[in-house]
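Let me begin by presenting the structure, written as structure tokens, before commenting on it.
Residue numbers (the numbering used here): 1 to 137.
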């Protein structure tokens, strides 16, 4: 399959395996869904908060303090991930969020499992350094 990706501001056409194409397609759908949810919830409420507000019930009731802490923590995590390379970020998210093994990620990305391990460990080290050096409350 041939896909077009943006690399250093330029569009490149690349031949990829069906597995990689399906992964990229899923990522595009997730990005579209996220953009749709962000447009839908223009007032900044999360989707679960929207459900609680419209339905009047929820699984749990989050206090304003908990909501603020969750939001600040998410901002910190995204800040750290922005400091990583695209390759590191992609491999780390596949490992941490999707629960894929190093071998599975290596097969998807077309690299060795040791390269995946090095990327994941580099991101972990960046997180560790960030959280060790941030001011404690």
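For every residue, glycine included, the Cβ atom is placed at its ideal position computed from N, Cα and C.
### Message
Below 8 Å on the Cβ atoms is my contact criterion, and I expect residue 106 with residue 116 to pass it. Report the Cβ-Cβ distance as a whole number of Å.
### Response
With a beta-carbon spacing of about 5 Å, residue 106 and residue 116 fall inside the 8 Å limit used to define contacts.
### Query
Just reading off the alpha helix (DSSP H) that residue 80 is part of, what are its end residues?
64 to 82
### Message
Quick check on DSSP: helix, strand or coil for residue 4?
### Response
strand
### Query
Taking the alpha helix (DSSP H) that residue 100 falls in, what are its first and last residues?
Counted as a single uninterrupted DSSP element, the stretch harbouring residue 100 is not any alpha helix (DSSP H), since DSSP gives it neither H nor E.
### Task
Provide the residue span of the alpha helix (DSSP H) that contains residue 112, from first to last.
Residue 112 -> no alpha helix (DSSP H), and no H or E assigned at all.
### Query
Three-state secondary structure (DSSP) at residue 139?
This structure leaves residue 139 out entirely; the chain is present only between 1 and 137.
### Message
Quick check: what's the CA-CA separation for residue 181 versus residue 114?
### Response
In the structure displayed, the chain extends from 1 to 137; residue 181 sits before or after that span and is not available.
### Task
Give the C-beta separation of residue 216 and residue 20 to the nearest angstrom, bearing in mind that I take them to be a contact with Cβ-Cβ under 8 Å.
Lying before the first or after the last residue shown, residue 216 is absent from the chain, which here runs from 1 to 137.
### Message
Does residue 10 pass the burial test, meaning 16 or more other C-beta atoms within 10 Å, or should it be called exposed?
### Response
exposed
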